[in-house]
Amino acid sequence: HHQGGDAIARQYRVNEQIRVPRVRVIGEDGEQLGVMTVSDALSRARMNDLDLVEVAPNADPPVARLLDYGKLRYLTSKKERETRKSQKSNELKEVRFRPNIGTHDFDAKLRKVRQFIGNGDKVKLTVRFRGREAVHQQNGLSLLKRVAEELKDDIRLEQQPSMEGRAMSMVLIPSPTVAARNERKEAVATE
């Protein structure tokens, strides 16, 4: 028997396009329904207003899933959007400090770091030394430690303070409790 158009072969084969004797069927919620003939699988799909979509043509027997094909295409693009969105939310934010920063500025920067961590972002703290300030590395170190100390309940250190050229930096990530709190917040927002 010949294959239908290449475009279909490249995508999924659906319903009558599935030309194999038997398929292993997976239900809409991912439950295993066992191996059955394509016609049985098709009638089961029709009963539920679903399509039979061949998702693993090279398996033995091929795997077909009951789903709404129109929705599948929509979900695929939605999934790509979601993936892009979740990549965006865990960005690495950078907050820069001067080694001899004043209290007022320090508090403002600390608020910013707290806000990023609260949003679930990683934060890279950088202290830049200019010219002769490099002798004040100790200041930079104590500055970074002070930030970590202020936020200790909300963060974990991903990277200890280290020198990179003329800057000292360390990376903070939200602690598991903050991350969990965020997930709960999002769950509430989407309900």
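Position 155 of the sequence shown, counting from 1, maps to 155 under UniProt numbering, and the rest follow consecutively. Built from N, CA and C at the ideal position, the CB exists for glycine as well.
Close-in-space but distant-in-sequence residues of the same chain around residue i (CB under 6 Å, 5 per side omitted)
{"i": "Lys-93", "result": "Phe-116, Asp-121, Val-123"}
{"i": "Arg-22", "result": "Val-35, Thr-37, Pro-61"}
{"i": "Pro-161", "result": "Leu-141, Leu-144, Met-168, Met-170"}
Local conformation of residue i per DSSP, three classes
{"i": "Gly-131", "result": "helix"}
{"i": "Glu-31", "result": "coil"}
{"i": "Val-14", "result": "strand"}
{"i": "Glu-80", "result": "helix"}
{"i": "Ile-26", "result": "strand"}
{"i": "Arg-166", "result": "coil"}
{"i": "Val-20", "result": "coil"}
{"i": "Asn-182", "result": "helix"}
{"i": "Lys-152", "result": "coil"}
Short Cβ contact (8 Å threshold) for residue i with residue j
{"i": "Met-168", "j": "Leu-151", "result": "no"}
{"i": "Val-55", "j": "Arg-46", "result": "no"}
{"i": "Asp-49", "j": "Asn-15", "result": "no"}
{"i": "Gln-32", "j": "Ile-26", "result": "yes"}
{"i": "Val-95", "j": "Lys-78", "result": "no"}
{"i": "Val-63", "j": "Arg-19", "result": "no"}
{"i": "Pro-174", "j": "Phe-129", "result": "no"}
{"i": "residue 194", "j": "Val-53", "result": "Because the chain is modelled from 1 through 191, residue 194 falls outside the range shown and cannot be assessed."}
{"i": "Leu-125", "j": "Phe-97", "result": "yes"}
Residue i, buried or exposed, once every other Cβ within 10 Å from all chains shown has been counted against 16
{"i": "Val-135", "result": "exposed"}
{"i": "Pro-176", "result": "exposed"}
{"i": "Ala-59", "result": "exposed"}
{"i": "Arg-13", "result": "buried"}
{"i": "Ala-108", "result": "exposed"}
{"i": "Leu-157", "result": "exposed"}
Same chain only: Cβ atoms within 8 Å of residue i, ignoring 5 sequence neighbours per side
{"i": "Leu-110", "result": "Val-147, Glu-150, Leu-151"}
{"i": "Ile-101", "result": "Lys-109, Leu-143"}
{"i": "Glu-91", "result": "Asp-121, Lys-122"}
One or two residues paired with residue i in a DSSP bridge
{"i": "Thr-177", "result": "Per DSSP, none; premise fails for Thr-177."}
{"i": "Gln-159", "result": "Val-171"}
{"i": "Arg-96", "result": "Thr-126"}
{"i": "Val-53", "result": "Val-14, Arg-65"}
{"i": "Thr-103", "result": "Answer is none; Thr-103 lacks a bridge partner."}
{"i": "Met-36", "result": "Val-23"}
Neighbourhood of residue i by C-beta distance below 7 Å, restricted to the same chain and skipping five residues each side
{"i": "Asn-182", "result": "Gly-120"}
{"i": "Ala-179", "result": "Gly-120"}
Cβ of residue i within 8 Å of any chain D Cβ
{"i": "Arg-65", "result": "Going by chain labels, chain D is absent from the structure shown, which holds only one protein chain."}
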